[in-house]
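Take a look at the structure set out below.
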């Protein structure tokens with residue numbers, strides 16, 4: 012493979028709280044305070060190169076903002092992951108759940124909050140975001156109709172952005188599959204148990220799962236992706252029951268915060284990244300199991 016020089020630029024959304032990684036020296040930093048500024052920065056950068064820029068979106072909130080308010084960026088650049096129609100479907104939970112059920116995947120009963128009717132779902136219920144907007148809460152458990160009514164009456168959020176779902180059995184484990192997909196085909200994947208979280212819903216310590224559990228998650232992912240032309244990184248979260256049933260809970264169409272665990276699993280990851288985005292190669296897994304920790308979050 013011919014070696015090419017990569018020009019790395021990264022973009023910091025100043026509308027969000029500052030993070031330590033913003034001090035990284037791995038690339039040239041750009042700051043923006045609106046999508047208009049982001050668009051201008053990308054246009055100026057594009058003028059320096061003959062080929063379309065390859066853009067990776069790593070923030071869930073920014074991904075939602077762009078796909079809703081500036082979808083034309085997907086036409087101007089090589090945005091990973093893509094195409095946009097699958098991003099729209101997979102990152103909108105009520106649409107993703109409906110599609111997953113059509114593909115034969117297991118889905119916990121749900122409905123949009125605005126469509127909820129008493130008796131339609133069994134308590135306890137979980138309220139959560141339908142799309143990755145910043146809400147006043149991440150998830151909320153309610154055990155009775157009275158609790159549900161009181162919470163909804165007091166929340167400042169738009170009900171259109173929230174779904175209601177039956178709570179999966181408490182003995183279920185949190186498993187996730189990290190993968191790279193090329194036109195709906197998995198080129199490499201690894202599955203983890205999210206052993207600990209901090210804050211709620213964000214992994215602080217993960218362990219790679221046994222082979223039999225990995226095979227189940229891989230097959231579940233293939234069900235969802237096989238009829239798509241989706242390309243890019245993906246993370247799929249499941250509740251895993253003792254009987255081997257995997258219930259899909261969330262799909263992240265981007266590189267997750269725990270992405271370093273992904274490339275630690277494969278022996279040819281440098282060659283793989285060198286081929287992106289146009290010439291991705293099949294990833295070769297190492298036999299040794301991977302464990303991943305965010306020391307700061309896990310300590311807290």
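Residue numbers (the numbering used here): 12 to 311. A virtual CB, placed ideally from N, CA and C, is assigned to each residue, including glycine.
Please work out which residues of its chain come closer than 6 Å, Cβ to Cβ, to residue i, disregarding the five sequence neighbours upstream and downstream, and give them in chain order.
i	result
residue 64	57, 88
residue 190	197, 200, 245
residue 293	198
residue 203	187, 217, 219
Please go through the same chain and pick out, in chain order, the residues whose beta-carbon is closer than 8 Å to the beta-carbon of residue i, but skip the five residues on each side of it.
i	result
residue 13	Unreliable placement is indicated for residue 13, whose pLDDT of 45 sits below 50; no coordinate value is reported for it.
residue 60	18
residue 50	81, 84
Can you give me the Cβ contacts of residue i inside the same chain, cut-off strictly under 7 Å, excluding the 5 residues immediately before and after it?
i	result
residue 253	182
residue 82	95
residue 278	295, 297
residue 10	Residue coverage of the chain in this structure runs from 12 to 311, which leaves residue 10 outside it and unanswerable.
residue 99	78
Considering Cα atoms alone, identify which of the options is closest to residue i.
i	options	result
residue 307	234, 242, 208, 272	208
residue 298	219, 251, 305	219
residue 206	179, 192, 251, 226	251
residue 180	103, 280, 256	256
residue 26	46, 20, 36	46
residue 233	267, 37, 188, 269	188
residue 24	68, 130, 129, 283	68
residue 154	133, 21, 106, 211	133
residue 264	222, 235, 113	235
residue 43	286, 28, 146	28
residue 130	177, 76, 262	177
residue 147	62, 128, 168	168
residue 261	119, 171, 310	119
How is the alpha helix (DSSP H) around residue i delimited, first residue to last?
i	result
residue 307	306-310
residue 22	Per DSSP, residue 22 belongs to no alpha helix (DSSP H); it is in the beta strand (DSSP E), 20-24.
residue 283	280-286
residue 273	270-275
residue 49	46-57
Throw me the rounded Cβ distance for the residue i and residue j pair, which I believe falls under 8 Å.
i	j	result
residue 352	residue 152	Here the chain has residues from 12 to 311 only, and residue 352 is not among them.
residue 259	residue 231	7 Å
residue 237	residue 195	6 Å
residue 243	residue 70	Their Cβ separation, rounded to whole angstroms, is 15 Å, which puts residue 243 and residue 70 out of contact at 8 Å.
Name the two residues that bound the continuous beta strand (DSSP E) containing residue i.
i	result
residue 41	39-43
residue 67	65-67
Exercise for the section: Please list the segments of the beta strand (DSSP E) lying wholly inside the stretch 152-223, counting only runs of 3 or more residues, in order along the chain. Expected result: 173-177, 184-193, 196-208, 214-219
Practice task
Would you list, in sequence order, the uninterrupted beta strand (DSSP E) runs of no fewer than 3 residues that lie entirely inside the stretch 234-267?
Solution key: 243-251, 257-263
Exercise for the section: Please list the segments of the beta strand (DSSP E) lying wholly inside the stretch 81-145, counting only runs of 3 or more residues, in order along the chain. Expected result: 89-91, 121-123, 136-140
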